[in-house]
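Novice:
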Amino acid sequence: MQKVTFVNPRGESVVFDNSGPFVLQKIDGTANVPSDIKSTKSPYQDGTTFIGVQLSDRPIPLQGFIKAGSQQELYERRRELTRILNNKHGPGKLVYSNSSRSYAINAVSEEGPVLGDRYVNANLFTINFVANDPYWRDENQTVKGLRFEAGGLTFPLRLPTMFAFSAFRGTFINSGDVETPVEIRYQGPATNPVVSSETTGEYIKVNYVLKETDTLIINTAFGNKRVEVLNTDGTRTNVFHWIDLGSTFFQLQPGQNMLKYGSDRDSDQQAANVTIYWYNRYLGG
Numbered sequence: 031m032q033k034v035t036f037v038n039p040r041g042e043s044v045v046f047d048n049s050g051p052f053v054l055q056k057i058d059g060t061a062n063v064p065s066d067i068k069s070t071k072s073p074y075q076d077g078t079t080f081i082g083v084q085l086s087d088r089p090i091p092l093q094g095f096i097k098a099g100s101q102q103e104l105y106e107r108r109r110e111l112t113r114i115l116n117n118k119h120g121p122g123k124l125v126y127s128n129s130s131r132s133y134a135i136n137a138v139s140e141e142g143p144v145l146g147d148r149y150v151n152a153n154l155f156t157i158n159f160v161a162n163d164p165y166w167r168d169e170n171q172t173v174k175g176l177r178f179e180a181g182g183l184t185f186p187l188r189l190p191t192m193f194a195f196s197a198f199r200g201t202f203i204n205s206g207d208v209e210t211p212v213e214i215r216y217q218g219p220a221t222n223p224v225v226s227s228e229t230t231g232e233y234i235k236v237n238y239v240l241k242e243t244d245t246l247i248i249n250t251a252f253g254n255k256r257v258e259v260l261n262t263d264g265t266r267t268n269v270f271h272w273i274d275l276g277s278t279f280f281q282l283q284p285g286q287n288m289l290k291y292g293s294d295r296d297s298d299q300q301a302a303n304v305t306i307y308w309y310n311r312y313l314g315g
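Residue 195 in my numbering sits at position 165 of the sequence shown; the count goes up by one each step and never skips.
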């Protein structure tokens, strides 16, 4: 079973499945994506030296037909499909579902539906979607809190000593194929709040004093990096220029990641509330 749902930026949606009125016959582009292998070659070198791989836009062509009960309905469905796929609105959310699970990606139709032959009240069509970000992702975000933990270890018998500990860290699992950006929401109080990845050694620190009612929002996505403070009245203050110079907009690596948070004032750490949001990303679905 395969189903494709497209939701445009205006919230209008169309479903392609095996029941209609928009019947899905074939979809490509769900697995591998075209890539460009970067390499260098020195004089007299046999072969080349690998540098990296750059993925191209992901083409997602699909074929199907409109199934209608009358000629009038057929033309109405054609008009509906053209309106929803209007690429002047920009990329929408494309969700691909198979018998195993669902994946999402941002995509735009190159030219709307390309209409083919018509048979009574049925009309063939082809739609060529393009995803500029080639990675499929989970349909829903993963959300996990980064909380304060405290406790201790007690040794019985002749060693009654308790060793206390406190931690402001947590383990985060990226089950995708590649690294993925995060959105960090750090609710105050905090003096110069910092969130760091013990996995990569990177950190993001903002030299700013958060009140209890303030929430610092950090987004590490390429092309959408943001550092803002959400105020109690719903407005946002851009504090990008308050970032510590050694900061890096780190991402979750595939597998297990250890993150921690802190503040220049120790008493603020236990009262703070830090939440991490991310999508696992995949090369194919």
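All C-beta atoms, glycine included, are put in the ideal place defined by N, C-alpha and C.
Relative to the C-alpha of residue 56, which residue among 68, 65, 90, 141 is closest?
Specialist: Residue numbering aside, residue 56 sits at position 26 when the sequence shown is read from its first letter. Closest by alpha carbon: 90.
Novice: Is it buried or exposed for residue 67, if we count other Cβ within 10 angstroms and need 16 for buried?
Specialist: Locating residue 67 in the sequence shown gives position 37, counting from the first residue. With fewer than 16 other Cβ atoms within 10 Å, it is exposed.
Novice: Sort out for me which residues DSSP pairs residue 89 with in a bridge.
Specialist: Counting from 1 along the sequence shown, the entry for residue 89 is found at position 59. 160.
Novice: Do residue 96 and residue 153 have their beta-carbon atoms positioned less than 7 Å apart in this structure?
Specialist: Residue 153 sits at position 123 when you count from the first residue of the sequence shown. Residue 96 sits at position 66 when you count from the first residue of the sequence shown. Result yes, Cβ atoms of residue 153 and residue 96 sit closer than 7 Å.
Novice: Mind checking residue 300: buried by the 16 CB within 10 Å criterion, or exposed?
Specialist: Your numbering for residue 300 matches position 270 in the sequence shown. Flag for residue 300 reads exposed.
Novice: Would the segment 162 to 178 count as touching the segment 256 to 265 if we require 3 or more Cβ pairs under 8 Å?
Specialist: No, the segment 162 to 178 is not in contact with the segment 256 to 265.
Novice: Near residue 168, which residues of its chain fall below 6 Å by C-beta distance, leaving aside the five closest residues on each side in sequence?
Specialist: As a working mapping, residue 168 is identified with position 138 in the sequence shown. If we look at residue 168 and ignore the five residues flanking it on each side, its Cβ neighbours are 309, 310.
Novice: Extract the residue ranges of the beta strand (DSSP E) inside the segment 225 to 281, only unbroken runs of 3 or more that lie entirely within it.
Specialist: 233 to 235, 245 to 249, 256 to 260, 266 to 268
Novice: Using 8 Å as the threshold, is the segment 78 to 88 in touch with the segment 116 to 132, meaning 3 or more CB pairs across them?
Specialist: no
Novice: Would you check if the segment 289 to 305 and the segment 223 to 232 touch, i.e. whether three or more CB-CB distances between them fall below 8 Å?
Specialist: yes
Novice: What are the boundary residues of the beta strand (DSSP E) that includes residue 217?
Specialist: Numbered from its first residue, the sequence shown carries residue 217 at position 187. Secondary structure note for residue 217: its beta strand (DSSP E) is the uninterrupted segment 212 to 217.
Novice: Considering only residues of the same chain and omitting the five flanking positions on each side of residue 307, which have a CB-CB separation below 6 Å?
Specialist: Translated into the one-based positions of the sequence shown, residue 307 becomes position 277. Contacts found: 171, 173, 213.
Novice: Is there contact here, the segment 141 to 155 with the segment 98 to 112, by at least three beta-carbon pairs under 8 Å?
Specialist: The segment 141 to 155, when compared against the segment 98 to 112, does touch it at the 8 Å Cβ threshold.
Novice: What residues in its chain sit with their C-beta under 8 Å from that of residue 140, if we drop five residues either side in the sequence?
Specialist: Sequence index remark: in the sequence shown, residue 140 carries index 110 (1-based). Excluding sequence neighbours, residue 140 sits near 117, 158, 159, 160.
Novice: State the Cα-Cα distance for the pair residue 42 and residue 136, rounded to the nearest angstrom.
Specialist: For this step, residue 42 is matched to residue 12 along the sequence shown. For this step, residue 136 is matched to residue 106 along the sequence shown. Taking the straight line from one Cα to the other gives about 15 Å.
Novice: Quick check on residue 138: buried or exposed, where buried means 16 or more other Cβ atoms within 10 Å of its Cβ?
Specialist: Within the sequence shown, the letter at position 108 stands for residue 138. With 16 or more other Cβ atoms within 10 Å, it is buried.
Novice: Would residue 298 and residue 219 be called neighbours here (beta carbons separated by less than 7 Å)?
Specialist: Counting from 1 along the sequence shown, the entry for residue 298 is found at position 268. Counting from 1 along the sequence shown, the entry for residue 219 is found at position 189. Against a cut-off of 7 Å, the Cβ pair of residue 219 and residue 298 comes out as a contact.
Novice: On the DSSP letters alone, give me the boundaries of the beta strand (DSSP E) that residue 286 sits inside.
Specialist: If you number the sequence shown from 1, residue 286 lands on position 256. Taken as a continuous stretch (DSSP letters only), the beta strand (DSSP E) holding residue 286 covers 285 to 292.
Novice: Quick one: using the 10 Å Cβ neighbour count with 16 as the cut-off for buried, is residue 234 buried or exposed?
Specialist: Sequence index remark: in the sequence shown, residue 234 carries index 204 (1-based). Per the 10 Å Cβ criterion, buried.
Novice: With DSSP run on the structure shown, which of helix, strand or coil describes residue 105?
Specialist: Stepping through the sequence shown from its first residue, residue 105 is reached at position 75. If DSSP states are grouped into helix, strand and coil, residue 105 belongs with the helices.
Novice: What whole-angstrom Cβ distance do residue 93 and residue 156 have, given they're in contact under 8 Å?
Specialist: Here the question's residue 93 lines up with position 63 in the sequence shown. Here the question's residue 156 lines up with position 126 in the sequence shown. That belief holds up - the Cβ atoms of residue 93 and residue 156 are roughly 5 Å apart, short of 8 Å.
Novice: Is the beta carbon of residue 232 closer than 7 Å to that of residue 270?
Specialist: Within the sequence shown, numbered from 1, the residue matching residue 270 stands at position 240. Within the sequence shown, numbered from 1, the residue matching residue 232 stands at position 202. Not closer than 7 Å, so no.
Novice: Among 58, 284, 252, which has the Cα closest to the Cα of residue 206?
Specialist: Position 176 of the sequence shown holds residue 206. Residue 206 has its Cα closest to that of 284, out of 58, 284, 252.
Novice: Expressed to the nearest angstrom, what Euclidean distance is found between the alpha-carbon atoms of residue 33 and residue 261?
Specialist: Residue numbering aside, residue 33 sits at position 3 when the sequence shown is read from its first letter. Residue numbering aside, residue 261 sits at position 231 when the sequence shown is read from its first letter. Looking at the two C-alpha atoms, the distance is approximately 41 Å.
Novice: Exposed or buried, which one is residue 275 when buried takes at least 16 other CB atoms within 10 Å?
Specialist: Translated into the one-based positions of the sequence shown, residue 275 becomes position 245. Classification of residue 275: exposed, given that the 10 Å Cβ count is below 16.
Novice: By Cβ distance, which residues of its chain are closer than 6 Å to residue 188, with the 5 residues on each side in sequence left out?
Specialist: For the purposes of this step, residue 188 is taken as the residue at position 158 of the sequence shown. Unreliable placement is indicated for residue 188, whose pLDDT of 49 sits below 50; the coordinate value is still reported in the next sentence. Counting only Cβ-Cβ distances below 6 Å, and skipping sequence neighbours, we find nothing.
Novice: Per DSSP, residue 43 forms a beta bridge with which residues?
Specialist: For the purposes of this step, residue 43 is taken as residue 13 along the sequence shown, with counting starting at 1. DSSP output for residue 43 lists 37 as bridge partner(s).
Novice: At the 7 Å Cβ level, is residue 248 part of the contact set with chain B, yes or no?
Specialist: You won't find chain B in this structure, because it holds only one protein chain.
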